[in-house]
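Engineer: From first to last, the protein sequence lines are chains R and X.
Position 164 of the first sequence, counted from 1, bears residue number 164 in the UniProt record's numbering, the numbering being contiguous throughout.
Position 256 of the second sequence, counted from 1, bears residue number 256 in the UniProt record's numbering, the numbering being contiguous throughout.
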Amino acid sequence: MRWVNRQIPRSPSVVLGALPILLLILCYLFLAAQRHAANPMDKVLPLPDMMAAAMANLLFTTDQLTGQIVFWADTVASLQRLGLGLGIATLSALLIGLLLGVLPPVRATFGPLVTAIAVIPPIALLPILFIALGLGETAKVALIVIGIAPVMVRDIAAYVAQLPREQIIKAQTLGASSWQIIIRVALPQAMPRLLHAMRLSLGPAWVFLISAEAIASDVGLGYRIFLVRRYLAMDVIIPYVAWIALLAIVMDVVLVVLSRRMFPWAHGAGH
Amino acid sequence: MNALLSLSNIWVEYGEKIVLENVTLDIETGSFVSIIGPSGAGKSSLLRVILGQEVPTRGRMLLEGKPLAAECGPDRGVVFQRYSVFPHLSALRNTVFGLECEKAPLSARLFGSARTAARTEAVEMLTAVGLGDSLHLYPAQMSGGMLQRLAIAQALIKRPRILLLDEPFGALDPGIRVDMHRLITRLWRDYSLTIIMVTHDIREAFTLGTRVLALDKRRHDPHAPNRYGATAIYDLPLHRADPPSDDPADDKASNQQAETGQQTKETIGHE
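Here it is in structure tokens:
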């Protein structure tokens, strides 16, 4: 049988998918054990019990300075920044993308501006943001927004502009105005695409969040990773990275499920 | 003069390329006009001009004596070969859309008794086109024939002065096409519609139409193929004593008529 025809049923596919991950973990454990056999004080590849001990400290004891549990304080702070940034970017993508996509005059006027903003590397703007907005929360959220919004705007605008011309014409023959076409034809069809754009933007959003936190912050997942790096504390960095990965996966899954639930028509006939 | 739609000296040019030249037509209320012609002869251009999707370079169009706006409107309904329905709405909501646009300019949604009334009207229309059992299906769950039925219902609920069909049955199976022919004939008779249909199927043109227009170039310069545009080279009124009914036995009669039509065309061709 040709490889292109080898369909994997669901349960074997779960096993197959878990295999490389398990293999990678085993590899790590093997290397870590080897290093620890040579040097019991090794910090570069910590064993799971060391990670557990380090994390227990951050998870269960309150910080004397802030009176908060460090791990949860970091998580809440980072998620808040990420959520705000992603939310603002998504809303503006929807609003600007729809107008750019549906109304040719708006596209002609603001299309080049959006393109120009989109090609600026966002990290290059970070100093400007810090100077203009200070070192507080605003600058970090702004970096995420500036980093992901232009791409999302362009994606939504392009998608809406590519809706079949026949649909727009048909709507007009049914008496729809520009406004009605925007809210009843373009907006609902842009929604699944918007969730898709959010999924794709999650990765860059995390990058900008960690960057902003690494440079100027006093709490946050990214801040913590870069702080403990000074002490070579891999036993904290690795669990933090795993936690970030887990959060990102959960968000991705939530967005997929949301899209399937809310917009079944966009996910094929089966519903 | 009791022409519903009258075109005089319509020209459509794209730069150097002349697509339609000097098209002059009067279309009477209640007629079923089929437009045929080789590809590239401007059939669809003519339809787009009448629809208001395209502005003619020269010429004048009157609908019931009043100049037509150079924009699509609810006075002219349309069914395209594809993409005529909104994929994010169920059959019922696709049909209600036209009523919602008219009665709720801001929200494009109806509530309470207005909503119930609109729904009843839409259900009636959908039943008339044979989709009474499929009110809540999404377009992705429908077959090609059902989609075209839905597109027709959607257009008819606005009671357009003219219904424009752009190769509406071109993508359907021959068996389904015959069903659709019966349906459109019945609707044409029941709702006293005025229909203009573009088709590449000559048999269909003569079976359904009360008048067949053949578009082609009168002159052809082999060194400048775009120099001359197409116009109506044949304009054949078909004397259909009574419109064909749903009865399959009538099909024979209309087939015969189609053959007579073809003969007429040949005779004229030999002159």
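Glycine included, every Cβ here is placed at the ideal spot set by N, Cα and C.
Given that residue 164 (chain R) touches chain X, what residues does it touch there, using C-beta distances under 8 Å?
Structural biologist: Taking the first residue of the first sequence as position 1, residue 164 (chain R) is located at position 164. Per Cβ cutoff of 8 Å: 82, 83.
Engineer: Please compile the residues from chain R whose C-beta is within a distance smaller than 9 Å of the C-beta of residue 53 (chain X).
Structural biologist: By one-based count along the second sequence, residue 53 (chain X) stands at place 53. Correct list: 165, 169, 172.
Engineer: Quick check: is the beta carbon of residue 129 (chain X) nearer than 8 Å to any beta carbon in chain R?
Structural biologist: Here residue 129 (chain X) refers to the residue found at position 129 of the second sequence. No, residue 129 (chain X) lies away from the interface with chain R (no Cβ there is under 8 Å from its Cβ).
Engineer: Quick one, are the C-beta atoms of residue 63 (chain R) and residue 221 (chain R) less than 8 Å apart?
Structural biologist: In the first sequence, the residue the question calls residue 63 (chain R) occupies position 63. In the first sequence, the residue the question calls residue 221 (chain R) occupies position 221. The answer is no: Cβ separation not under 8 Å.
Engineer: Which of the three DSSP states, helix, strand or coil, is assigned to residue 257 (chain R)?
Structural biologist: Along the first sequence, read from residue 1 onward, the residue named residue 257 (chain R) stands at position 257. If DSSP states are grouped into helix, strand and coil, residue 257 (chain R) belongs with the helices.
Engineer: Measure the C-alpha to C-alpha separation of residue 271 (chain R) and residue 264 (chain R) and round it to an integer number of angstroms.
Structural biologist: To locate residue 271 (chain R), count along the first sequence from 1; it is residue 271. To locate residue 264 (chain R), count along the first sequence from 1; it is residue 264. The predicted model places residue 271 (chain R) with a pLDDT of 43, which falls under 50 and marks its position as unreliable, so this point remains unresolved.
Engineer: Going by alpha carbons, who is nearest to residue 100 (chain X) out of R:241, R:132, R:179?
Structural biologist: For this step, residue 100 (chain X) is matched to residue 100 along the second sequence. Ranking the options by Cα distance to residue 100 (chain X), first place goes to R:179.
Engineer: Could you give the distance in angstroms between the alpha-carbon of residue 183 (chain R) and the alpha-carbon of residue 112 (chain R)?
Structural biologist: Here residue 183 (chain R) refers to the residue found at position 183 when the first sequence is read from its first residue. Here residue 112 (chain R) refers to the residue found at position 112 when the first sequence is read from its first residue. Cα-Cα distance, rounded: 25 Å.
Engineer: Please identify the residue among R:187, R:175, R:174, R:246 whose C-alpha is closest to the C-alpha of residue 157 (chain R).
Structural biologist: Locating residue 157 (chain R) in the first sequence gives position 157, where the first residue counts as 1. Nearest of R:187, R:175, R:174, R:246 to residue 157 (chain R), Cα basis: R:187.
Engineer: Under 8 Å by Cβ, that's how I've got residue 87 (chain X) and residue 168 (chain X) pegged, so tell me the actual separation to the nearest angstrom.
Structural biologist: One-based indexing of the second sequence puts residue 87 (chain X) at position 87. One-based indexing of the second sequence puts residue 168 (chain X) at position 168. At roughly 18 Å, the Cβ-Cβ gap does not stay under 8 Å, so residue 87 (chain X) and residue 168 (chain X) are not in contact.
Engineer: Report all residues from its chain with a CB closer than 7 Å to the CB of residue 171 (chain R); omit the five preceding and five following residues, and keep chain order.
Structural biologist: Taking the first residue of the first sequence as position 1, residue 171 (chain R) is located at position 171. The answer, listed in chain order, is 181, 185.
Engineer: Taking only three categories from DSSP, how would you classify residue 247 (chain X)?
Structural biologist: Looking up residue 247 (chain X) in the second sequence gives position 247. With a pLDDT of only 48 at residue 247 (chain X), under 50, the local geometry of the prediction cannot be trusted, and no value is derived from it.
Engineer: DSSP three-state call for residue 234 (chain X): helix, strand or coil?
Structural biologist: The sequence position of residue 234 (chain X) within the second sequence is 234, counting from 1. In the structure shown, residue 234 (chain X) sits in a strand (DSSP, three-state: E or B).
Engineer: For a test of the three-state rule: what should DSSP assign to residue 24 (chain X), helix, strand or coil?
Structural biologist: Position 24 of the second sequence, counting from 1, holds the residue named residue 24 (chain X). Strand.
Engineer: Here's the rule I'm using: 16 or more other beta-carbon atoms within 10 Å means buried, otherwise exposed. How should residue 60 (chain R) be labelled?
Structural biologist: Indexing the first sequence from 1 puts residue 60 (chain R) at position 60. Classification for residue 60 (chain R): exposed.
Engineer: From the beta carbon of residue 78 (chain X), is the nearest beta carbon of chain R less than 8 Å away?
Structural biologist: As a working mapping, residue 78 (chain X) is identified with position 78 in the second sequence. Residue 78 (chain X) counts as touching chain R.
Engineer: So residue 177 (chain R) contacts chain X; which residues on that side make the cut at Cβ distance below 8 Å?
Structural biologist: Within the first sequence, the letter at position 177 stands for residue 177 (chain R). The answer, in chain order, is 101, 105.
Engineer: Taking its Cβ as the centre, do 16 or more other Cβ atoms sit within 10 Å of residue 152 (chain X), making it buried, or is it exposed?
Structural biologist: Residue numbering aside, residue 152 (chain X) sits at position 152 when the second sequence is read from its first letter. Buried, by the Cβ-count rule.
Engineer: Could you check whether the Cβ of residue 184 (chain R) sits closer than 8 Å to any Cβ belonging to chain X?
Structural biologist: Along the first sequence, read from residue 1 onward, the residue named residue 184 (chain R) stands at position 184. For residue 184 (chain R), the answer is yes, since a Cβ of chain X falls inside 8 Å of its Cβ.
Engineer: Shorter than 8 Å from the beta carbon of residue 169 (chain X) to some beta carbon of chain R?
Structural biologist: As a first step, residue 169 (chain X) is located in the second sequence; it is residue number 169 there, counting from the start. No, no contact with chain R.
Engineer: Use the C-beta contact count for residue 254 (chain X): other C-beta atoms within 10 angstroms, 16 or more gives buried, fewer gives exposed.
Structural biologist: Position 254 of the second sequence holds residue 254 (chain X). Its pLDDT being 46, under 50, residue 254 (chain X) is placed unreliably in this model, and the value from its coordinates should be taken loosely. Label assigned to residue 254 (chain X): buried.
Engineer: For residue 155 (chain X), count neighbouring C-beta atoms within 10 Å of its own C-beta (all shown protein chains included) and say buried if the count is 16 or more, exposed if not.
Structural biologist: Translated into positions along the second sequence, residue 155 (chain X) becomes position 155. Classification of residue 155 (chain X): buried, given that the 10 Å Cβ count is 16 or more.
Engineer: Against chain X, with Cβ distances strictly below 8 Å, would residue 206 (chain R) count as a contact?
Structural biologist: As a first step, residue 206 (chain R) must be located in the first sequence, where it is residue number 206. Chain X, which has no Cβ nearer than 8 Å to the Cβ of residue 206 (chain R), makes this no.
Engineer: What is the DSSP secondary structure of residue 206 (chain X), reduced to helix, strand or coil?
Structural biologist: Here residue 206 (chain X) is taken as the residue at index 206 of the second sequence, counted from 1. Helix.
Engineer: Would you give the residue range spanned by the alpha helix (DSSP H) that residue 160 (chain R) belongs to?
Structural biologist: As a first step, residue 160 (chain R) must be located in the first sequence, where it is residue number 160. Start and end: 137-161.
Engineer: Any contact of the segment 198-209 of chain X with the segment 2-19 of chain X, i.e. 3+ C-beta pairs under 8 Å?
Structural biologist: Flag = no, the segment 198-209 of chain X and the segment 2-19 of chain X do not touch.
Engineer: Using 8 Å for Cβ pairs, my map puts residue 150 (chain X) next to residue 91 (chain X). What's the rounded Cβ distance?
Structural biologist: As a working note, residue 150 (chain X) is residue 150 in the second sequence. As a working note, residue 91 (chain X) is residue 91 in the second sequence. Sure, about 5 Å apart at Cβ, within 8 Å.
Engineer: Roughly how many whole angstroms lie between the Cα atoms of residue 241 (chain X) and residue 27 (chain X)?
Structural biologist: Within the second sequence, the letter at position 241 stands for residue 241 (chain X). Within the second sequence, the letter at position 27 stands for residue 27 (chain X). Per-residue confidence for residue 241 (chain X) stands at a pLDDT of 49, beneath the threshold of 50, marking its modelled position as unreliable; the derived number appears in the next sentence. If you take the alpha carbons of residue 241 (chain X) and residue 27 (chain X), they lie about 19 Å apart.
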